[in-house]
Amino acid sequence: MKLRTQIFSGFVFILILFLILAGVSIYYLENVGQASERILKENYRSVKAAEELIVSLAKIDQNLAKICLGSNYNEDILLRILEREKEIFSSQLEICKSNISEVGEQQLLIKLSEQYLDYEGQLYDFNHTSDRVGLYFSVLQRKNENLRETCSNLIDLNHSALSNKDRVVQALYINAKVYVFIILIVVLLISGLAIYKFPQMIVKPILDITEKIKRVADGDYKQQIPVDSDTELGNLSKAFNVMSVKLKEFEESNLEELKAQKTRIETIIKSINDGLIILNEYKDVILANEAASEILGIPEKLLIGKNAKELSRDNSVMRSLLDSLEQSDTGNKGTAPDEEQSKDYIKIERNEKQEFYTKDVIDVQDVDNKNKSLGYILLLKNVTYFKQSDEAKTNFIAVASHEFKTPLSAINMCLMLLQDKRFGTLNPEQDEIVVSMKSEVQRLIKMVSELLDISKMETGNIELDKKLVSPKVLIDYSASPFEGQLNEKNIIIEKVIDPDIPDFMADNEKISWVLINFLSNAIRYTPPGGKIIMEAKKLNGKVEFAVLDKGPGIAKEHHSEVFQRFVQIQSNGAKNEKGLGLGLAISKEVITKHGGEIGVNSELGAGSYFFFTLPLETS
């Protein structure tokens, strides 16, 4: 049976109970009403008619007495009244005869009819006798009293019957109330029981299904609901059971797939030669390969399950990794990463040899919630070979640059002597060749100087001569060498200097060199008739210098590369393969040495904004 049918049947059942109650009530009310109606019809009419008989007899007797008195009354009127009352008496007598309902009532009516016939005959004699007074007092008056006495007996008989029937009606009424009350109690009890039980019959399966669903939601896919009906709830239970079985099968298949994936991942991780450590969101080690175990000097079995902070107390490598993990999100947007910091070397003494490792920290974020971290991947890559190669390259550059510098200086001296008119005059062609050679030699000397600066910076030998400097002096000094180029290209420089910036400690020459490098690039890429902005402003307790141009701009993917060595960017925003590209790399080293930050904000077609910040040290 369908659930809708069950609910409908329940309401119909309760409705039938109340219909039965209403039917019984109507039945008993009808009985009481019919009994009362019979009393009114059978007895009350007889009593009323008998009373009318007595009234008519009294009026007849009264009029006879008036006729006997004679002198003061009109005899014809009195006789007409007598005839009318006789008619009334006859009609009321017929009513009584037609409404016989009690035992003895018929005998009284026969007696009353006989008495009235006799009385009526005496009335006839009264109209035709001369001794009316004698007849009235000797016969008519007595017979009239007898008639009224018989009528009274008729009334008494019906009154007695009324009393008896009223008691019967009262008893019927009391019985009706008792029966109706009993039936009402029974109906209410059955209805209350139905109202209490019927919702339970519907709600209990729903509650059972809800509880089972909660358990399934908690991962218990073994839940099943007994199906004992073919209602909608039964069908729902069947569907739930099928769903539970499917979920269990899906979970088992997923577990198998996860186990297979986990095995594959563990195999891949163990096969990686670099050290790899995986932490959960609580920084507990959940996976580590053999290489990581050897680097940390801790057996793999002792690593798994341990908290990284606990391990870092006695292990400098793990401590360094945690430092990088905590500082991984502290960098400023647009700021160029420090090369040494990006390499983040860890030096380890092992087997009487130095080994160098770079450390990379990857924050694994939730796909649906970017602010939620699911864990971390720590990667230690052996770069000892590259570090040694880099050092060899640096030494080679330093030696080669030094060796190049001496002959280049000598060539430059010779060219200067050739241009000295004391030793002879050159013709125009010869002078042009010498000027061209001198320009190339100067370019070579500049490149050699930059290479030497790079080698010094790599070895940590760069020295700063910090003195109090003025932001305005720095900007004016940096712009002065470019007056000829600016006039040639009709470029305007707008200087925006915050007057609230105090003099601060910095190496005047090296900071000026950085600004000159920024300005040189800006002039190179600014079209004729353009404008360049040089600004200095106070920013969060630091001083920021910036050069803004309206050139072609730099693609975002090259922002982090412009400060690398031997990289130049073409005017279309792509890499330029020509030139050394050491200017910005050296600039970054100078600013980093000052404890500042350097960066660029640029988009293709929107110009470039090169900036660096320095600590605002006033002493």
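Its first residue numbered 35, the sequence shown is counted upward by one per residue in the working numbering.
Ideal Cβ placement from N, Cα and C applies to all residues, glycine included.
Just so it is clear, the structure is predicted and the values come from calculations on it, not from any experiment.
Considering only the alpha carbon of each residue, which of Lys529, Asn551 and Glu543 lies closest to Glu22?
Lying outside 35 to 653, the shown extent of the chain, residue 22 is not represented and no answer is given.
Over what stretch of residues does the alpha helix (DSSP H) that includes Cys587 continue unbroken?
According to the sequence displayed, residue 587 carries Gly and not Cys. Neither: Gly587 is in no alpha helix (DSSP H) and is coded neither H nor E.
Taking the straight line between their C-alpha atoms, what separation do you get for Glu109 and Gln175?
19 Å
DSSP beta-bridge partners for Arg201?
Bridge partners of Arg201: none, in fact.
Which value, in whole angstroms, describes the spacing of the CA atoms of Pro441 and Ala325?
50 Å
Measure the alpha-carbon distance for Ala210 versus Phe52 and round it to whole angstroms.
17 Å
I'd like the ranges of any alpha helix (DSSP H) spanning at least 4 consecutive residues and lying wholly in the stretch 137-210.
139-162 and 166-169
Can you check which of these residues, Gly44, Val475 and Leu549, is closest to Met235 by C-alpha distance?
Gly44
Rounding to the nearest angstrom, what Cα-Cα distance links Glu373 and Ile306 in this structure?
Per-residue confidence for Glu373 stands at a pLDDT of 42, beneath the threshold of 50, marking its modelled position as unreliable; the derived number appears in the next sentence. Near 25 Å, if we compare the C-alpha coordinates of Ile306 and Glu373.
Buried or exposed (CB count within 10 angstroms, at least 16 for buried), Gln375
Confidence at Gln375 is low in this model, with a pLDDT of 40, below 50, so the placement of that residue should be treated as unreliable; the coordinate-derived value is given next. It counts as exposed.
Neighbourhood of Val624 by C-beta, 6 Å cutoff - its chain only, sequence neighbours within 5 removed:
Lys544 and Val548
Considering only the beta carbon of each residue, do Ile329 and Leu414 sit closer than 8 Å?
yes
Curious, which full-length beta strand (DSSP E) runs of at least 3 residues does the stretch 450-534 contain?
500-503 and 526-531
Classify Lys178: buried if its beta carbon has 16 or more other beta carbons within 10 angstroms, exposed otherwise.
In the sequence on display, residue 178 carries Asn and not Lys. Looking at its Cβ environment, which holds 16 or more other Cβ atoms inside 10 Å, Asn178 is buried.
Own chain partners of Ser636 with C-beta closer than 6 Å, once the 5 adjacent residues on each side are dropped:
Gly587, Ile588 and Ser642
Give the single residue among Asp397, Asp95 and Ile550 whose Cα lies nearest to the Cα of Ile566.
Ile550
What are the start and end residues of the alpha helix (DSSP H) that includes Gly641?
Unbroken run through Gly641: none, as it is neither H nor E.
Kindly identify the DSSP beta-bridge partner or partners of Ser407.
Gln399
Do the stretch 288-297 and the stretch 383-401 meet, that is, are 3 or more Cβ pairs less than 8 Å apart?
no
Identify whether Pro233 lies in helix, strand or coil by the three-state DSSP scheme.
helix
Closest to Ser172 by C-alpha separation, out of Pro233, Ser197 and Cys102, would be which residue?
Cys102
Should Ile302 and Ile411 be called a contact, given that it needs their Cβ atoms to be closer than 8 Å?
no
Going straight from the alpha carbon of Lys406 to that of Lys343, what length do you get?
20 Å
Straight-line CA distance for Lys609 to His592?
Here Lys609 scores only 43 on pLDDT, less than 50, and its place in the model is too uncertain to base an answer on.
Counting beta carbon pairs with one atom in the stretch 76-96 and one in the stretch 117-133, are three or more of them shorter than 8 Å?
yes
Within 8 Å, strictly: CB atoms of Lys501 and Asn542:
yes
Going by the DSSP bridge assignment, what does Met539 pair with across the sheet?
Leu502
Please classify Asn366 as buried or exposed, where buried requires at least 16 neighbouring CB atoms within 10 angstroms.
Summary for Asn366: the model assigns pLDDT 41, below 50, so the residue's position carries little reliability; its value from the coordinates is reported in the next sentence. Per the 10 Å Cβ criterion, exposed.
In the DSSP output, what is Asp318 paired with across the bridge?
Asn341
Under the rule that 16 or more other beta-carbon atoms within 10 Å means buried, what is Gln519, buried or exposed?
exposed
Just to confirm, is the Cβ distance from Pro649 to Gly630 under 8 Å?
yes
What does the alpha-carbon distance come out to for the pair Asp165 and Ala205?
59 Å
Quick one: Cα of Val137 to Cα of Lys120, how far?
27 Å
I believe Tyr255 touches Glu290 by the beta-carbon criterion, under 8 Å. Please report the beta-carbon distance rounded to the nearest angstrom.
About 15 Å; that fails the 8 Å criterion.
To the nearest angstrom, report how far apart Gly331 and Lys317 are at their CA atoms.
19 Å
C-alpha gap between Ser473 and Ala444, whole angstroms:
14 Å
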